[in-house]
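Student: Sharing a structure, written as structure tokens. Questions coming.
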């Protein structure tokens, strides 16, 4: 009776121990307390005349539904993003990392949750020498064959939750890789959009710069004729040459930038640099989204992949503290085997004559401070992950606030640049009429044309900045898939 009571108590203790787990339980971090951004109130930006000049409305209640890049209304841009999402080696790497994490979790889950069972079959030819074993006067037996078949089972009790914490850490790793894959998709899409916008801007600026060079060349030709006729000094002629050289100096950097952007886009699309984009988009064909989301900080924390990935890393570090803590406590494992050993192969499965049952209890006693140091290291890693999460949240909110303010600034700048370009265009039109009526020289008309081209180039840059910063805002908000 006493022995039976002891067994019941021991079984109950094992059940209770199996229900506990060492280490802290991870708690979902609180959402950011702020309810808006420095520049994120419900406001409308300035409007400007010309392409890309519509006023944008910041709406905290708006959500990003579907692929955000479709808001620019360009079928070519949508196709480019889809091509990148299909062919990019960057996404292939992220997907492979996710599959690896999933399989590592499955492997550990099967090994830690269930007993291990192995079957063995062996055969050996043996010769026994009795004298070598200290037995004299015993006839030496003939060589014989020994056959063995066995099944063994082992199971380690998860008394203090080490296995559960290990699986929890691996599951957090899977979640992190899954989130990172989504983040890689969003980042790739943003890179494709921004590269296309910069390429379109560079193409327009390059066209305007070449027209400036042509105008400067025509001015130099006129100045040379006037110099030859004695109408201007050699110094005035050199000034025209200087203006031409300065205009020409702007071309190489723009041409290099155009080539780099085309090759960069090719790589984003999973193509070789030789397949670089040859026909850029036209900025004027892109639609500037009039209503843009200004999601609340709490929503941004839920949406941004980098913040969610940092939370998964924090959760993994929390589980690792439990693993390190469980290593300080006892471990109990049961083993059992059943088999047959015979000298005749035909009798191998006819009888079971070999068996064993055992239990192991291991309690760490002295490891030179190794185990406690590992626990302290795990706690430090947990604190590091908590701080990294907090920093990721702050930087994410800063990026959103910066993008919102940039859009307001871009709108004001585009309005001013558009006004300047319009004034320059009116001046050019007036100069053209005066030149046609003989009241203005060709050189003066070219001056007006150059000023108009330069003003238009600055307007183009401001237009591209609004489009690009809108894409940056969509990306900073985290988007939805």
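Numbering (this note's numbering), first residue to last: 6 to 486. By construction, the Cβ of each residue, glycine as well, lies at the ideal position given by its N, Cα and C atoms. No experiment lies behind these values; they were computed from the predicted model shown.
Please classify residue 209 as buried or exposed, where buried requires at least 16 neighbouring CB atoms within 10 angstroms.
Tutor: Residue 209 is buried by the Cβ-count criterion.
Student: Between 170, 289 and 131, which lies nearest to residue 464 when the distance is taken from Cα to Cα?
Tutor: Considering only alpha carbons, the answer is 289.
Student: Could you check whether residue 482 and residue 1 sit closer than 8 Å to each other, using their CB atoms as the reference points?
Tutor: No statement about residue 1 is possible, as the shown extent of the chain runs from 6 to 486 and does not include it.
Student: If you check the beta carbons only, do residue 365 and residue 337 fall under 8 Å apart?
Tutor: Contact: yes.
Student: What three-state label does DSSP hand residue 98 in the structure shown?
Tutor: Note: residue 98 maps to helix in three-state DSSP.
Student: If you reduce the DSSP assignment to three classes, tell me which class residue 140 lands in.
Tutor: Coil, per DSSP.
Student: Here's a check: name, in chain order, each residue in its chain whose Cβ is nearer than 6 Å to the Cβ of residue 53, leaving out the five neighbours to either side.
Tutor: Correct list, in chain order: 419, 420 and 423.
Student: Pull up the CB-CB distance for residue 440 and residue 447, whole angstroms please, since I reckon it's below 8 Å.
Tutor: Contact flag correct, Cβ pair sits at about 7 Å.
Student: To which residues of the same chain is residue 479 closer than 6 Å at the C-beta, ignoring the five residues directly before and after it?
Tutor: These residues qualify, in order along the chain: 73.
Student: From residue 103 to residue 187, what distance separates their C-alpha atoms?
Tutor: Approximately 11 Å, taken between the alpha carbons.
Student: What span of residues does the alpha helix (DSSP H) with residue 403 cover, start to end?
Tutor: Here the alpha helix (DSSP H) through residue 403 covers 375-441.
Student: Over what stretch of residues does the alpha helix (DSSP H) that includes residue 242 continue unbroken?
Tutor: Unbroken alpha helix (DSSP H) run through residue 242: 239-273.
Student: Roughly how many whole angstroms lie between the Cα atoms of residue 238 and residue 250?
Tutor: The alpha-carbon atoms of residue 238 and residue 250 are separated by roughly 19 Å.
Student: Express the C-alpha separation of residue 80 and residue 90 in angstroms, rounding to a whole number.
Tutor: Each residue's Cα considered, the two are about 15 Å apart.
Student: Can you tell me which of 269, 232 and 451 puts its alpha carbon nearest to the alpha carbon of residue 203?
Tutor: Among 269, 232 and 451, the Cα nearest to that of residue 203 is on 269.
Student: What residues in its chain sit with their C-beta under 7 Å from that of residue 127, if we drop five residues either side in the sequence?
Tutor: Contacts found: 153.
Student: Three-state secondary structure (DSSP) at residue 349?
Tutor: If DSSP states are grouped into helix, strand and coil, residue 349 belongs with coil.
Student: Reducing DSSP to helix, strand and coil, say where residue 19 ends up.
Tutor: Unreliable placement is indicated for residue 19, whose pLDDT of 47 sits below 50; the coordinate value is still reported in the next sentence. If DSSP states are grouped into helix, strand and coil, residue 19 belongs with the helices.
Student: Express the C-alpha separation of residue 285 and residue 181 in angstroms, rounding to a whole number.
Tutor: Going from the Cα of residue 181 to the Cα of residue 285 covers about 36 Å.
Student: What residue range does the beta strand (DSSP E) around residue 365 cover?
Tutor: Residues 359-367.
Student: Identify, in the order they occur along the chain, each residue of the same chain with its Cβ nearer than 6 Å to the Cβ of residue 236, setting aside the five sequence neighbours on each side.
Tutor: Cβ neighbours of residue 236 beyond the five flanking positions: none.
Student: How would you label residue 302, buried or exposed, when you count the other beta carbons within 10 angstroms and need 16 or more for buried?
Tutor: Looking at its Cβ environment, which holds 16 or more other Cβ atoms inside 10 Å, residue 302 is buried.
Student: Distance check for residue 105 and residue 175, CA to CA, integer angstroms please.
Tutor: One C-alpha to the other measures close to 11 Å.
Student: Measuring alpha carbon to alpha carbon, tell me which of 467, 406, 86 and 348 ends up nearest residue 151.
Tutor: Nearest of 467, 406, 86 and 348 to residue 151, Cα basis: 348.
Student: Could you check what DSSP says for residue 445 in three-state terms: helix, strand or coil?
Tutor: In the structure shown, residue 445 sits in coil (DSSP, three-state: anything other than H, G, I, E or B).
Student: Report the start-end ranges of each beta strand (DSSP E) in the segment 111-174 that is 3 residues or longer and not cut off at the edges.
Tutor: As far as the segment 111-174 is concerned, its whole beta strand (DSSP E) runs of at least 3 residues are 121-131 and 149-161.
Student: Does the beta-carbon distance from residue 383 to residue 319 come in below 8 Å?
Tutor: No, these two residues do not count as a Cβ contact at 8 Å.
Student: Tell me the residue span of the alpha helix (DSSP H) that contains residue 310.
Tutor: Element bounds for residue 310: 310-331.
Student: Cβ of residue 294 within 8 Å of Cβ of residue 76?
Tutor: Yes.
Student: Can you tell me which of the three DSSP states residue 499 falls into?
Tutor: Missing from the structure shown is residue 499; the chain here goes from 6 to 486 and no further.
Student: Is the CB-CB distance between residue 426 and residue 436 below 8 Å?
Tutor: It is not a contact, given that the beta carbons lie outside the stated cut-off.
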